[in-house]
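Reading through the structure tokens given below for one structure.
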């Protein structure tokens, strides 16, 4: 997604190109700070998912007499998946900004006349992402997927709701596979 050399955008003053680069960099930094804060949302969902079943299983509250409702697990699964897709929306927008920043970096680096790319934040991200970030992210999502599937399945089984596993497990696998597919498409949008 680079602009051709004879593109009229090359006539834009370098100061304006740099201003736009700085603006997009700010947008991306803001996205990063807000996205890293999303872990609190996942933690809250995890606490909601785990507290009641564990309290009932270990009898931490003597007044809890009813078993966990299978519908509750399905609703939590849907909420979790909605949050995960919302995060993919934000990541897609972030990658769009990175691609635009990469174009601006190309213009700024050509103008600098240096052999080394002085501006290489967005241009260097795809390689860094694939080499260092993606393996960690894959481990995180793998563990998260397991928790979303295995923990409710164990609780449903232990509370004699095994028949609900025929509804919960296929729903979880379909939704999580769809999320993994969409996440893969967003990641592949990085190119280079």
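Numbering (UniProt numbering), first residue to last: 1 to 192. The beta carbon of each residue, even a glycine, is placed where N, CA and C say it ideally should be.
Straight-line measurement puts the Cα of residue 107 at about 36 Å from the Cα of residue 179. For residue 91, the enclosing alpha helix (DSSP H) begins and ends at 70-112. Here residue 30 carries a helix assignment [DSSP, helix/strand/coil]. Nearest in C-alpha terms to residue 146, of all of 134, 157, 21, 169, is 169.
Across the set 186, 189, 161, 37, the C-alpha of 161 shows the shortest separation from the C-alpha of residue 69. Residue 44 and residue 110 have their alpha carbons spaced roughly 47 Å apart. The C-alpha of residue 99 lies about 19 Å from the C-alpha of residue 87. The beta-carbon distance between residue 28 and residue 94, rounded to whole angstroms, is 6 Å. This is short enough to meet the 8 Å contact definition.
When DSSP states are grouped into helix, strand and coil, residue 20 belongs to the helix group.
In this structure, DSSP gives residue 12 a state outside helix and strand, which the three-state scheme calls coil.
Burial state of residue 128 is exposed, judged by a 10 Å Cβ sphere holding fewer than 16 other Cβ atoms. Counting along the chain, the unbroken alpha helix (DSSP H) around residue 137 starts and ends at 134-158. Rounded to whole angstroms, the Cβ separation of residue 172 and residue 149 is 5 Å, and the two are in contact under 8 Å. The beta carbons of residue 122 and residue 101 sit about 4 Å from each other, so the pair counts as a contact at 8 Å. By the C-beta criterion, the segment 14-29 is judged not to be in contact with the segment 78-92, since fewer than 3 inter-stretch pairs fall below 8 Å.
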